[in-house]
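Numbering (our numbering), first residue to last: 316 to 643.
Quick reminder that beta carbons are idealized off the backbone N, C-alpha and C, glycines included.
Given the structure is predicted, the values throughout are model-derived calculations rather than measurements.
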Ligand SMILES: Nc1ncnc2c1ncn2[C@@H]1O[C@H](COP(=O)(O)OP(=O)(O)OP(=O)(O)O)[C@@H](O)[C@H]1O
C-alpha cells in the first residue's frame, strides 16, 4: 500500500476522542520505527512542526532533538514562546539558535524578493546543517509534512525544506501527521496540550517578516514592523469574527511627518505601516473584510504613539486578484 495515500476509510479527526486515538496510534508507530535512536526536528513554532514535536516528545522524550532557528524574521514573542512551551513546559531537548546577525548581514542591501527568499532558504539549510553536525547519533529526521503537502506539491515541504541537506545528512524520515489535513492537525495539537496561540496561529510566510519588510531589509524598519504587526494582530484578533489573515507591511519609502517639540512643529521623514486583512478559502482569491473604523483608529493611534520611525498608517483594500496577499 502507498504509505503516502490517505486510506478512504480513514475518519476525519474532528473530536478530542478521535485525536486521542490518533495520538496513541502514532506514539506506538513512532516508538516502533525509531527504537532507541535519536531524531532531529526543525521546529519553527508553526502548527505543523509544533504538533510533530509534541507528539514525538510524548513518544520518545529526550531522544528527540528540536532545533529552533531565530533568523530575526519571526513575529514578536515567537522564539520566546517556543522556548517556553517546549523547553520549560514540555521539557524537550531544544537547541535554540540565535542566527539573527547571520541572516540580517546576508540580507543587507538585497531588495529583490526572489533573491531575499533564496538567501533566507539557503542560510536556513546552512544553519540547520551545522546544528545537525554537532549532534551525535542522529538516525532520523522528523518533518511536519501534512497531507496537502503531498497532494498539492512534490511530497515534501517546499520552503525551508530540510530535504536540501547534503547527502551525508539524509536521514530516514519520521512524518507522523503526513496523512492529516490542517484542521485535523489543529485538533491533535490541542489534545497534545499546545497553547491556542500556537494551534490556531494564522498562516505566516516561510521567509517570515522578511517579505513584509518590503525591499532591502534594515534592522530599524524590521523592528518597527515587528512592533506594528504585534499591535495589528492584537487589535484585529479581538474582533468577533477574525479574518483569515491579518498583518502589516512597511514599504521602503518615507514620507513627511510633523513632530511638535516644545510647541514648535518640525518636519521629519517617517515610514508608513500598511495594514492588510483578507479572507480566503484557498489563498487563490481573497476578499477584504470590513474592519470597524474605530478599530482602524485604535491601531493607528497605538502604532503612531509607540512604534519608532512610523508617521503614517494606511489600510489596504486591494483584493486578490489583482493584488497578491503578501507584498513580495
Ligand atoms: N525558524 C525555524 N526554525 C526551525 N525550523 C524551521 C524554521 N522555519 C521553518 N522551519 C522548518 O521548515 C518547515 C517548513 O517551514 P514553513 O515556513 O514552510 O512552514 P509550514 O509549512 O507552515 O510548517 P510549520 O507549521 O511547522 O511552520 C517547518 O515545518 C520547520 O520544520
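Check, Outcome
"Helix or strand or just coil, what does DSSP make of residue 610?", "helix"
"Which parts of the segment 512-551 are runs of the alpha helix (DSSP H), unbroken and 4 residues or longer, counting only runs that do not cross its ends?", "534-551"
"Short check: CB of residue 494 to CB of residue 321, under 7 Å?", "yes"
"By Cβ distance below 8 Å, which residues in the same chain neighbour residue 419 in space, the five residues on each side in sequence not counted?", "387, 532, 534, 537"
"Per the contact definition of three or more C-beta pairs closer than 8 Å, is the segment 544-551 in contact with the segment 608-627?", "yes"
"Please determine whether the Cβ atom of residue 459 lies at a distance below 6 Å from any heavy atom of ligand 1.", "yes"
"Which class does residue 581 belong to by DSSP, given the choice of helix, strand or coil?", "strand"
"Determine the direct distance from the alpha carbon of residue 580 to that of residue 439, and round the result to whole angstroms.", "46 Å"
"Do residue 357 and ligand 2 come close, with the Cβ less than 6 Å from some heavy atom?", "Only ligand 1 can be found as ligands here, which leaves ligand 2 out of the picture."
"The alpha helix (DSSP H) that contains residue 504, what's its start and end?", "497-506"
"Counting C-beta neighbours from all protein chains within 10 Å, is the total for residue 582 16 or more, i.e. buried, or is it exposed?", "exposed"
"Please report the straight-line C-alpha distance between residue 522 and residue 398, rounded to a whole angstrom.", "20 Å"
"Rounded to whole angstroms, what's the CA-CA distance from residue 558 to residue 482? Just pull it up for me.", "42 Å"
"Report the three-state DSSP secondary structure of residue 486 (helix, strand or coil).", "coil"
"Just to confirm the assignment, what range does the alpha helix (DSSP H) spanning residue 348 have?", "331-349"
"Taking the alpha-carbon of residue 563 as reference, which of 427, 502, 525, 345 has the nearest alpha-carbon?", "525"
"Let me check you understand the geometry: is the CB of residue 521 closer than 6 Å to at least one non-hydrogen atom of ligand 1?", "yes"
"Based on Cα-Cα distance, which residue from 317, 377, 378, 596 lies nearest to residue 497?", "596"
"Nearest-angstrom Cα distance between residue 513 and residue 369?", "12 Å"
"For residue 529, which residues from the same chain have a beta carbon less than 8 Å from its beta carbon, with the 5 sequence-adjacent residues on both sides left out?", "564, 565, 566, 567, 642, 643"
"Please state the DSSP three-state secondary structure of residue 562.", "strand"
"Quick one: residues in its chain with C-beta nearer than 6 Å to the C-beta of residue 432, no 5 flanking neighbours on either side, listed in chain order?", "522"
"Inspect the CB distances between the segment 452-460 and the segment 408-423 and report whether three or more fall short of 8 Å.", "no"
"What first and last residue would you give for the beta strand (DSSP E) that runs through residue 353?", "353-357"
"Among 324, 479, 635, 588, which one has its Cα closest to the Cα of residue 456?", "479"
"On the CB-based measure, 16 or more other CB atoms within 10 Å of its CB, does residue 592 come out buried or exposed?", "buried"
"In terms of alpha-carbon separation, which member of 570, 638, 334, 409 lies closest to residue 585?", "570"
"Among 608, 334, 317, 325, whose alpha-carbon lies nearest the alpha-carbon of residue 508?", "334"
"Using the Cα positions of residue 413 and residue 636, report the straight-line distance between them to the nearest angstrom.", "38 Å"
"I'd like the span of the beta strand (DSSP E) that includes residue 570, first residue to last.", "569-576"
"Tell me the DSSP secondary structure of residue 374 in three-state form.", "helix"
"Per DSSP, what kind of secondary structure is residue 449 in: helix, strand or coil?", "helix"
"Going by DSSP in three states, residue 320 sits in which element: helix, strand or coil?", "coil"
"If you follow the alpha helix (DSSP H) that residue 480 is part of, which residue opens it and which one closes it?", "Neither: residue 480 is in no alpha helix (DSSP H) and is coded neither H nor E."
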